[in-house]
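Below is one structure; the comments refer to it alone.
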Amino acid sequence: MGQQPTEWWRSAVIYQVYVRSFADGDGDGTGDLAGVRARLPYLAELGVDALWFNPWYLSPMKDGGYDVADYRAIDPAFGTLAEAEKLIAEARELGIRTVVDIVPNHVSDQHPWFQAALNAGPGSPERELFHFRRGRGKHGELPPNDWPSQFVGSAEPVWTRLPDGDWYLHLFTPEQPDLNWAHPAVRQEHEDILRFWFERGVAGVRIDSAALLAKDPALPDLAGGPHPHPFVDRDELHDIYRSWRVIADEYDGVFVGEVWLPDTERFARYLRPDELHTAFNFSFLSCPWDPGRLRTSIDTTLAEHAPVGAPATWVLCNHDITRTVTRYGRTDTGFDFAAKAFGTPTDLALGTRRARAAALLSLALPGAVYVYQGEELGLPEADIPRDRIEDPMHVRSGGKDPGRDGCRVPLPWAAGAPHAGFGGEPWLPQPADWASYAVDRQAVDPGSMLGLYREAIRLRPVFGDGPLTWLPAPEGVLAFARADGALCVVNLADTPVDLPEHTALLLASGPMDGVGRLPEDTAVWLRS
Ligand code: GLC
Numbered sequence: 088m089g090q091q092p093t094e095w096w097r098s099a100v101i102y103q104v105y106v107r108s109f110a111d112g113d114g115d116g117t118g119d120l121a122g123v124r125a126r127l128p129y130l131a132e133l134g135v136d137a138l139w140f141n142p143w144y145l146s147p148m149k150d151g152g153y154d155v156a157d158y159r160a161i162d163p164a165f166g167t168l169a170e171a172e173k174l175i176a177e178a179r180e181l182g183i184r185t186v187v188d189i190v191p192n193h194v195s196d197q198h199p200w201f202q203a204a205l206n207a208g209p210g211s212p213e214r215e216l217f218h219f220r221r222g223r224g225k226h227g228e229l230p231p232n233d234w235p236s237q238f239v240g241s242a243e244p245v246w247t248r249l250p251d252g253d254w255y256l257h258l259f260t261p262e263q264p265d266l267n268w269a270h271p272a273v274r275q276e277h278e279d280i281l282r283f284w285f286e287r288g289v290a291g292v293r294i295d296s297a298a299l300l301a302k303d304p305a306l307p308d309l310a311g312g313p314h315p316h317p318f319v320d321r322d323e324l325h326d327i328y329r330s331w332r333v334i335a336d337e338y339d340g341v342f343v344g345e346v347w348l349p350d351t352e353r354f355a356r357y358l359r360p361d362e363l364h365t366a367f368n369f370s371f372l373s374c375p376w377d378p379g380r381l382r383t384s385i386d387t388t389l390a391e392h393a394p395v396g397a398p399a400t401w402v403l404c405n406h407d408i409t410r411t412v413t414r415y416g417r418t419d420t421g422f423d424f425a426a427k428a429f430g431t432p433t434d435l436a437l438g439t440r441r442a443r444a445a446a447l448l449s450l451a452l453p454g455a456v457y458v459y460q461g462e463e464l465g466l467p468e469a470d471i472p473r474d475r476i477e478d479p480m481h482v483r484s485g486g487k488d489p490g491r492d493g494c495r496v497p498l499p500w501a502a503g504a505p506h507a508g509f510g511g512e513p514w515l516p517q518p519a520d521w522a523s524y525a526v527d528r529q530a531v532d533p534g535s536m537l538g539l540y541r542e543a544i545r546l547r548p549v550f551g552d553g554p555l556t557w558l559p560a561p562e563g564v565l566a567f568a569r570a571d572g573a574l575c576v577v578n579l580a581d582t583p584v585d586l587p588e589h590t591a592l593l594l595a596s597g598p599m600d601g602v603g604r605l606p607e608d609t610a611v612w613l614r615s
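Counted the way my numbering counts, the sequence shown spans residues 88 to 615.
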C-alpha cells in the first residue's frame, strides 16, 4: 500500500474497541486487554490503521467505564497498566496506532477528588473542583437550576442533594459528578493525564462529551435564558483545547472530539488549526438511508471542514448508537436518541444490504472512517432481556428507553465454541443466532460482511486523497469520482441502474443483476 502519509489521521480507518465486549482472555465473561492482544492479528488482517479504546480505566462501571475513578490505572477487570503498555507497543509493531478515550467532563463519584469533596463538607476548597451549590426553596430543598439530563429520555434531575444540604451537578448519572473547568487544578490535572498517555505511546485521544465541559459560573436556568447556553458549546472551551493542542503537538498526537452540535459553523470552530484535529460526524451517523439527505450530509460535512483545513470523519455507529444493519432495516432509517423504543420492527436482510452499500460509501469518501467492533461482522442490535440491561440510560428513563446495551454484546469469534468463542459466560447475553455471525465463519467466506470490509479497506487507497466530484446520475443514485480516478456509485433508487462508463469493477457490495446493472441498495467501486 506504499507509505503511510505523515498525517495518518487524515485518511485513517480507525477501529473502535469496546474492551468489555471484544474478547475475553481470562474466561471471566468480561473482555480484557489479554483478549485484545490475542486478537491483534485479526485487526491487522482487517487492515485498520488505529484502535480507539473506550475508557479502560479504573471504574465502578456505572456508565460502562465513562465514570472514571483513576485515569492513570487500568481497571483490574481489563488488566494492568503494564499490559496496556505492551498492547500499545505490540499494536504499533503491526502498524496499528492507539487512541485512548479521555473523559474530562466528569469523574466517578469514587474518584479521590470527589470522595475528598464529600468528606470536606460545604464551603471547602475540595468542593470547588466540582459544582456544589445550595438548593432553592425555603429550605434549599429544590435543585439549584432547571438543567435537563444529558441522557435523552431521562426525566431525573442533574442535581443530587447530600445529607449536609449541598447539591452537586451531574449532567449524566449521580455517579458522574461534573468537574469545575474554571478551576486551574482541573485543567492542570487533565494536561498531566494527556501527557501520561502520550508518554506511553498513544497516538491520539478521543475527548468524551467535548462540548460540555465549560459551565456558566452563575449556573443560570435554561428556561427563558438568553444565549449563550450555560453548559453546551461555550466559548471558554476553545481556550482549553488550544492548551491541549500544544501538548498533543509535542508528541505528534491527535484529537478526535465527541462534539454533538447541530450548528455546523459552531462545530467547525473546534477544528481550527490550533484546536482539535478531528471530530465525529454525527450528522452522517444520524442521516436516514435517503439519497438526497445523504448527499446533503456529505456536502455539508465537506463544506464545513474545508475552511478550517480539517479532514471529515465518517461514522455509521458506535457504542451509543443502534447497530447499522438494524437501523437501516427499519421504516425510519435515521438515528435519534429520543425515538428509541423497544420492539421497533426491522428487516435485517434489507438493513444488511444497505449497511454493505453504506460501508463502501463511507470508505470511498475523503477523510477518516470509524468502524465500531462488530460492524465488520454485520452484527444486528440485540434484544437484551430487561432484567439484564445495565446501561443507566435504560434505568434512568424509567425503563422506557431500551438503552445502549443492544450494541454492546460480546463478539462472536468461533461458531462452534461455547459463547461463540468470546470466552467465559458473557456479561451481556448473546442472542441465540450469534454464532452465525462468528469471525471464523465469515473469514473463509469472501461474500461475508467481514470479507467485504477486508477487501474494501485493502482497496481503499485507490481513492487517493484528492477531492470528491459528484457525477451526473439517475434520480436516487449517488455517484462520485475522487481525483485519483476511482468512482463510487450507490443505488438508493428502487430499480436497478446502468453503471457509468468504467474500465474495471473493483468491488461491489452485492451481485449485479442478470444484465449487469446495479441493483437497489447496492454500491460499487469502479476504475474510470
Ligand atoms: C459519551 C459516551 C457515552 C457516555 C457519555 C457520558 O456520550 O459516548 O457512552 O455515556 O459520554 O460520559
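All C-beta atoms, glycine included, are put in the ideal place defined by N, C-alpha and C.
Rounded Cβ spacing between residue i and residue j (contact assumed at less than 8 Å)
i, j, result
"Tyr357", "Gly344", "6 Å"
"Phe460", "Phe109", "First, the residue type needs correcting, since residue 460 is Gln and not Phe in the sequence shown. Sure, about 6 Å apart at Cβ, within 8 Å."
"Phe342", "Leu348", "Going by Cβ atoms, the distance from Phe342 to Leu348 rounds to 16 Å, so no, they are not a contact pair."
Buried or exposed (CB count within 10 angstroms, at least 16 for buried), residue i
i, result
"Ala436", "exposed"
"Leu249", "exposed"
"Asp308", "exposed"
"Arg475", "exposed"
"Val611", "buried"
"Thr93", "exposed"
"Gly510", "buried"
"Ser98", "buried"
"His198", "buried"
"Lys427", "buried"
"Thr117", "buried"
"Gly430", "exposed"
"Gly601", "exposed"
"Glu562", "exposed"
"Leu565", "buried"
"Pro453", "buried"
"Gly224", "exposed"
"Thr411", "buried"
"Pro598", "exposed"
beta-carbon residue i near the ligand GLC non-hydrogen atom, thresh 7 Å
i, result
"Asp407", "yes"
"Gly151", "yes"
"Glu345", "yes"
"Ser296", "yes"
"Val187", "no"
"Phe429", "no"
"Val100", "no"
"Val402", "no"
"Phe367", "no"
"Val190", "yes"
"Phe318", "no"
"Phe109", "no"
"Phe422", "no"
"Phe259", "yes"
Selected residue, minimal CA-CA separation from residue i, among the options
i, options, result
"Gly493", "His481, His270 and Gly503", "His481"
"Leu133", "Arg545, Ala573 and Val577", "Arg545"
"Asp265", "Gly288, Phe285, Asp251 and Phe219", "Phe219"
"Pro479", "Arg443, Thr400 and Glu243", "Glu243"
"Ser373", "Trp200, Ile408, Thr400 and Pro398", "Ile408"
"Pro128", "Ala169, Arg179, Thr167 and Ala399", "Arg179"
"His325", "Arg382, Glu362, Gly396 and Ala426", "Glu362"
"Gly421", "Val577, Pro315, Phe238 and Asp377", "Asp377"
"Glu542", "Pro304, Val602 and Ala595", "Ala595"
"Leu574", "Ala560, Ala580 and Asp581", "Ala560"
"Arg508", "Leu515, Arg221, Ala522 and Pro518", "As written in the sequence, residue 508 is Gly, which differs from the Arg given in the question. Out of Leu515, Arg221, Ala522 and Pro518, Ala522 has the C-alpha closest to the C-alpha of Gly508."
"Leu120", "Tyr540, Trp514, Glu170 and Gly252", "Glu170"
"Ile334", "Trp254, Gln275, Phe424 and Ala305", "Gln275"
"Gly288", "Leu168, Gln263 and Ile101", "Leu168"
"Phe217", "Ser484, Glu337, Ala530 and Ser195", "Ser195"
"Ala444", "Thr433, Glu462 and Val245", "Glu462"
"His226", "Trp254, Pro497 and Ala125", "Trp254"
"Thr260", "Tyr524, Gly597, Asp608 and Arg483", "Arg483"
"Val576", "Asp336, Leu447, Thr582 and Ala125", "Leu447"
Practice task
Check whether the segment 179-192 touches the segment 201-214, counting contact only when three or more Cβ pairs, one atom from each stretch, lie closer than 8 Å.
Solution key: no
Exercise for the section: Please determine if the segment 233-251 and the segment 271-290 are in contact, where contact requires at least 3 C-beta pairs separated by less than 8 Å. Expected result: no
Practice task
Could you tell me whether the segment 580-599 touches the segment 402-414, where touching means 3 or more Cβ pairs closer than 8 Å?
Solution key: no
Problem - the segment 309-323 touching the segment 292-301, judged by at least three CB pairs closer than 8 Å - result: yes
Problem - At least 3 beta-carbon pairs within less than 8 Å: the segment 413-424 vs the segment 438-451 - result: yes
Exercise for the section: Would you check if there are 3 or more beta carbon pairs closer than 8 Å linking the segment 547-557 to the segment 102-117? Expected result: no
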